[in-house]
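*Asks:* Here it is, the structure, as structure tokens.
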Amino acid sequence: MRILLVEDEASVLLALSLLLEQEGYSVVTASNGSEALQVLAHEHADLVILDLWMPVMNGWEFLQRLRERENPLRDLPVIALSADVNAARHDLPVQIFLSKPMDIERLLDSVRYFLQAA
36 MRILLVEDEA SVLLALSLLL EQEGYSVVTA SNGSEALQVL AHEHADLVIL DLWMPVMNGW
96 EFLQRLRERE NPLRDLPVIA LSADVNAARH DLPVQIFLSK PMDIERLLDS VRYFLQAA
């Protein structure tokens with residue numbers, strides 16, 4: 036199973052990539068929403084883990100593009116991450132919202148859940 040990890044903080048990106056790879060997942064990364072859309076145009080992903088606050092194209096813009104009616108990937112499951120706990124109050128088109136700093140076990144449980152269904 037392949038995960039697209041979208042995170043602009045290099046240290047968080049590296050730590051989460053290593054963690055997910057140790058769990059046996061294939062991980063492809065992007066540092067912003069625009070880069071993530073480019074990755075999805077060329078590579079398969081079963082799940083997206085998405086930071087909401089990023090430069091260039093933030094997570095909200097990425098989600099808007101991903102969920103467009105004509106996009107064949109519009110149903111791709113997304114786990115959203117943000118240090119802004121108020122972000123969870125928005126009507127986000129994601130399967131789950133996790134606040135930063137995140138509970139690693141909750142993240143891994145969520146990943147397992149969504150990838151079992153894939």
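Just so we're aligned, residue 36 is where the sequence shown starts under this note's numbering, counting upward by one.
Positions of the beta carbon are idealized from the N, C-alpha and C atoms, including for glycine.
All figures in this text were calculated on a predicted structure; none of them were measured in a lab.
Based on the DSSP output, what are the partners of V41 in its beta bridges?
*Replies:* Per DSSP, A65, L85.
*Asks:* Specify, as a first and last residue, the run of the alpha helix (DSSP H) that L98 falls within.
*Replies:* Start and end: 94 to 101.
*Asks:* Provide the residue(s) that pair with F132 in DSSP beta bridges, ordered along the chain.
*Replies:* According to DSSP, F132 bridges with A115.
*Asks:* Please state the DSSP three-state secondary structure of A80.
*Replies:* Reduced to three states, the DSSP call for A80 is coil.
*Asks:* Rounded to whole angstroms, how far is the Cβ of V30 from the Cβ of L39, which I believe are closer than 8 Å?
*Replies:* This structure cannot settle anything about residue 30, because the visible part of the chain is limited to 36 through 153.
*Asks:* Please confirm whether L143 and E58 have their CB atoms less than 9 Å apart.
*Replies:* Result yes, Cβ atoms of L143 and E58 sit closer than 9 Å.
*Asks:* Quick one: Cα of Q130 to Cα of R147, how far?
*Replies:* Straight-line Cα distance between these residues: approximately 13 Å.
*Asks:* If you run the structure through DSSP and keep just helix, strand and coil, what is L142?
*Replies:* In the structure shown, L142 sits in a helix (DSSP, three-state: H, G or I).
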